[in-house]
Amino acid sequence: MNRRKILKTAALAGAVAGLSACKKSNNSTSACESKVAGVDVVEWKMVTTWPKNFPGLGTGAQFLADKINQMSGGRLVVKVFGANELVPAFEVFDAVSSGTAQMGHGAAYYWKGKAPEAQFFGAVPFGMNANEMNGWLYHGGGLELWEETYRPFGLKPLPAGQTGVQMGGWFNKEINSIEDIKGLVMRIPGLAGDVLSRAGGTPQVLPGAELFTALQTGTIDATEWVGPYNDLAFGLYQAAQFYYYPGWHEPTACLEAIINQDAFDALPEDLQTVVEMAAMAANQNMLSEYMANNQRALDTLQKVHHIKMKAFPEDVLATFKQHAEAVMLELSQSSQLAKRIHQSYFDFAEKTQAWLNVSEMAYLQAR
């Protein structure tokens, strides 16, 4: 990734207004430009996989758009569209690639059918947590590999949100052994879905807005989403009794901003830097938001709604981990790019684990 210096942007006097004209590039990507006080204003659309302004995820997309607007001094204005407002949740990747929108916000594991390697950049079962993931992406070569993965689609990826360690999900029955996983229909995307399948379950991929109804009506037997902050907002406690931990499947979800490469290249260098720095700010802000709100939401779930919170049995976690290793190995053999990403990811994870043992883990035990 090119390392650019942050350039100061001049503040604009007055509101962003006036007539707009849309300019199209060779690949039909359109960006609207307005004139305000003699300065060109570029207008982008951002499509997301989340409901508009949904806590954490939807608000994270809006935070990113707001920061771009503010940091650019109003020269780059991003309008956010929630899932199904402009395109369906799982068509965000194609919409940005084709130029229907200049920007998207989602999770890389949703695009496994287009680029299987993308799953490394979303969530790896029993993989790195948020801080490790950020270290790999920003300083360990991970982002360069992500850019290489998306380049054939005309897309530029940027980390734009971390959830931290998630919960294991909501289940309509107790999980006492690995036998209880067999035949279980569960909403669970990405690599974790492959792990569940190997354990005898049936993974489903559904957008967030459909989870409550699917769980309540019995279309699925279980679902993971994120954690207490989001799960409380969706009311999932009303559709299933048992809330399991830990979130073996997503030690963090690294969320992404995906940008049409031609639209990005058309920006002046200082606005390109604004987009990159705003995404970095959004990445940290979301992690902080989840840290601040998850325990508060968990208190509500336990003390007000009296959920049944349970830990996965050790044999279930051990079986999941065994299958996860096999799934990752199989993916690494699917292409030369996947092999290189796998090597980079796990080399970095091994090194950070040694440090975590004498830092974070040792401190938490001492505390």
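Start counting the sequence shown at 1; every next residue gets the next number (our numbering). All C-beta atoms, glycine included, are put in the ideal place defined by N, C-alpha and C.
In the DSSP assignment, find the unbroken alpha helix (DSSP H) run with L57 in it and report its ends.
Along the sequence shown, one-based indexing puts residue 57 at 57. Run containing L57: none; DSSP gives neither H nor E here.
Out of Q216, S334, V87, which one is the CA nearest neighbour of G99?
Residue mapping note: residue 99 aligns to position 99 of the sequence shown, counting from 1. Nearest C-alpha to G99: V87.
For R187, report the span of its beta strand (DSSP E) as first-last.
As a position in the sequence shown, residue 187 is number 187, starting the count at 1. 185-187 is the span of the beta strand (DSSP E), which, as asked, contains R187.
Is there contact here, the stretch 210-230 with the stretch 329-343, by at least three beta-carbon pairs under 8 Å?
Flag = no, the stretch 210-230 and the stretch 329-343 do not touch.
Relative to the C-alpha of L317, which residue among N176, K67, H105, Q162 is closest?
Walking along the sequence shown from the start, residue 317 turns up at place 317. Ranking the options by Cα distance to L317, first place goes to N176.
Tell me, please, which residues DSSP counts as bridged to W170.
Stepping through the sequence shown from its first residue, residue 170 is reached at position 170. W170 pairs with T223, Y243.
CA-CA distance, Q241 and H139?
Against the sequence shown, residue 241 aligns to sequence position 241. Against the sequence shown, residue 139 aligns to sequence position 139. When rounded, the distance between both Cα atoms is 42 Å.
Flag this pair as yes or no: are the beta carbons of K182 and Y244 separated by less than 8 Å?
On the sequence shown, residue 182 is found 182 positions in, with the first residue counted as 1. On the sequence shown, residue 244 is found 244 positions in, with the first residue counted as 1. No, the Cβ-Cβ distance between K182 and Y244 is not below 8 Å.
Flag this pair as yes or no: are the beta carbons of L158 and E269 separated by less than 8 Å?
Residue mapping note: residue 158 aligns to position 158 of the sequence shown, counting from 1. Residue mapping note: residue 269 aligns to position 269 of the sequence shown, counting from 1. No, Cβ-Cβ distance for L158 and E269 is not below 8 Å.
Name the DSSP bridge partner or partners of L76?
Counting from one through the sequence shown, the residue named residue 76 turns up at place 76. Bridge partners of L76: V42.
So, with DSSP's three-state summary, where would you put A101?
In the sequence shown, the residue the question calls residue 101 occupies position 101. Three-state result, A101: coil.
So, do the stretch 269-278 and the stretch 64-79 have three or more beta carbon pairs nearer to each other than 8 Å?
The stretch 269-278 vs the stretch 64-79: in contact.
State yes or no: is the C-beta of V327 within less than 8 Å of the C-beta of R198?
Taking the first residue of the sequence shown as position 1, residue 327 is located at position 327. Taking the first residue of the sequence shown as position 1, residue 198 is located at position 198. Cβ distance < 8 Å, so V327 and R198 count as in contact.
Given this structure, state the Cα-to-Cα distance separating N357 from M128, to the nearest angstrom.
Sequence index remark: in the sequence shown, residue 357 carries index 357 (1-based). Sequence index remark: in the sequence shown, residue 128 carries index 128 (1-based). Answer to the nearest angstrom: the Cα atoms are 14 Å apart.
If the criterion is Cβ atoms closer than 8 Å, does the pair F93 and I258 meet it?
Your numbering for residue 93 matches position 93 in the sequence shown. Your numbering for residue 258 matches position 258 in the sequence shown. Taking 8 Å as the Cβ cut-off, F93 and I258 qualify as a contacting pair.
Have a look at P363 and G247 and give me their C-alpha separation to the nearest angstrom.
Residue numbering aside, residue 363 sits at position 363 when the sequence shown is read from its first letter. Residue numbering aside, residue 247 sits at position 247 when the sequence shown is read from its first letter. The residue you asked about is not Pro; residue 363 is Tyr in the sequence shown. So the two alpha carbons sit approximately 22 Å from each other.
Is the Cβ-Cβ distance between A101 and G122 less than 8 Å?
Your numbering for residue 101 matches position 101 in the sequence shown. Your numbering for residue 122 matches position 122 in the sequence shown. Not in contact: A101 and G122 (Cβ atoms no closer than 8 Å).
For F126 versus A282, is the C-beta distance shorter than 8 Å?
If you number the sequence shown from 1, residue 126 lands on position 126. If you number the sequence shown from 1, residue 282 lands on position 282. In this structure, A282 does not lie closer than 8 Å to F126 by Cβ.
Take A368 as the anchor and find which of D262, Q238, D194, K173 has the nearest alpha-carbon.
Past the edges of the chain, shown from 1 to 367, lies residue 368, and the structure says nothing about it.
How about Q119 and L206: do their beta carbons lie closer than 8 Å?
Locating residue 119 in the sequence shown gives position 119, where the first residue counts as 1. Locating residue 206 in the sequence shown gives position 206, where the first residue counts as 1. Cβ atoms of Q119 and L206: not closer than 8 Å.
Please state the DSSP three-state secondary structure of K321.
Position 321 of the sequence shown holds residue 321. Three-state DSSP puts K321 in a helix.
Would you list the residues sitting across from T202 in a DSSP beta bridge?
Locating residue 202 in the sequence shown gives position 202, where the first residue counts as 1. Its beta-bridge partners are V185.
Which value, in whole angstroms, describes the spacing of the CA atoms of G135 and A233?
Sequence index remark: in the sequence shown, residue 135 carries index 135 (1-based). Sequence index remark: in the sequence shown, residue 233 carries index 233 (1-based). Roughly 30 Å between the two C-alpha positions.
With distances taken from CA atoms, which of Q336, S335, M286, T300 is nearest T59?
Position 59 of the sequence shown, counting from 1, holds the residue named residue 59. It is M286 whose Cα lies nearest to the Cα of T59.
Let's test the definition: count the other Cβ atoms within 10 Å of the Cβ of N53 and tell me whether it reaches 16, buried, or not, exposed.
One-based indexing of the sequence shown puts residue 53 at position 53. That one is exposed.
Per DSSP, which one or two residues make a beta bridge with Q162?
The count along the sequence shown starts at 1 and reaches residue 162 at position 162. In DSSP, Q162 forms a bridge with C254.
What did DSSP end up calling G106 once you bin it into helix, strand or coil?
Here the question's residue 106 lines up with position 106 in the sequence shown. Reduced to three states, the DSSP call for G106 is strand.
Just to confirm my understanding: we take L337, look at its own chain, exclude 5 residues before and 5 after, and list those with CB closer than 8 Å. What are they?
In the sequence shown, the residue the question calls residue 337 occupies position 337. Cβ within range, chain order: E117, L145, E148, T149.
If you compare alpha carbons, which of T319, M291, E314 is closest to G161?
Working through the sequence shown from its first residue, we reach residue 161 at position 161. Per the Cα distances, M291.
For F320, which residues from the same chain have a beta carbon less than 6 Å from its beta carbon, with the 5 sequence-adjacent residues on both sides left out?
If you number the sequence shown from 1, residue 320 lands on position 320. Cβ neighbours of F320 beyond the five flanking positions: V195, W248.
So what's F81 in DSSP terms, helix, strand or just coil?
Numbered from its first residue, the sequence shown carries residue 81 at position 81. Correct three-state label for F81: strand.
Using only CA atoms, which one of A354, N293, F212 lies nearest to Q238?
As a first step, residue 238 is located in the sequence shown; it is residue number 238 there, counting from the start. Of the candidates A354, N293, F212, the one whose C-alpha sits nearest the C-alpha of Q238 is F212.
Are T252 and G169 close, meaning C-beta to C-beta below 8 Å?
On the sequence shown, position 252 is the one that residue 252 refers to. On the sequence shown, position 169 is the one that residue 169 refers to. Against a cut-off of 8 Å, the Cβ pair of G169 and T252 comes out as no contact.
Taking DSSP as the reference, what is the three-state secondary structure of T49?
Numbered from 1 along the sequence shown, position 49 holds the residue referred to as residue 49. T49 falls in the coil class under three-state DSSP.
Cβ atoms of V80 and A61: under 8 Å apart, would you say?
Counting from 1 along the sequence shown, the entry for residue 61 is found at position 61. Counting from 1 along the sequence shown, the entry for residue 80 is found at position 80. Going by C-beta atoms, A61 is nearer than 8 Å to V80.
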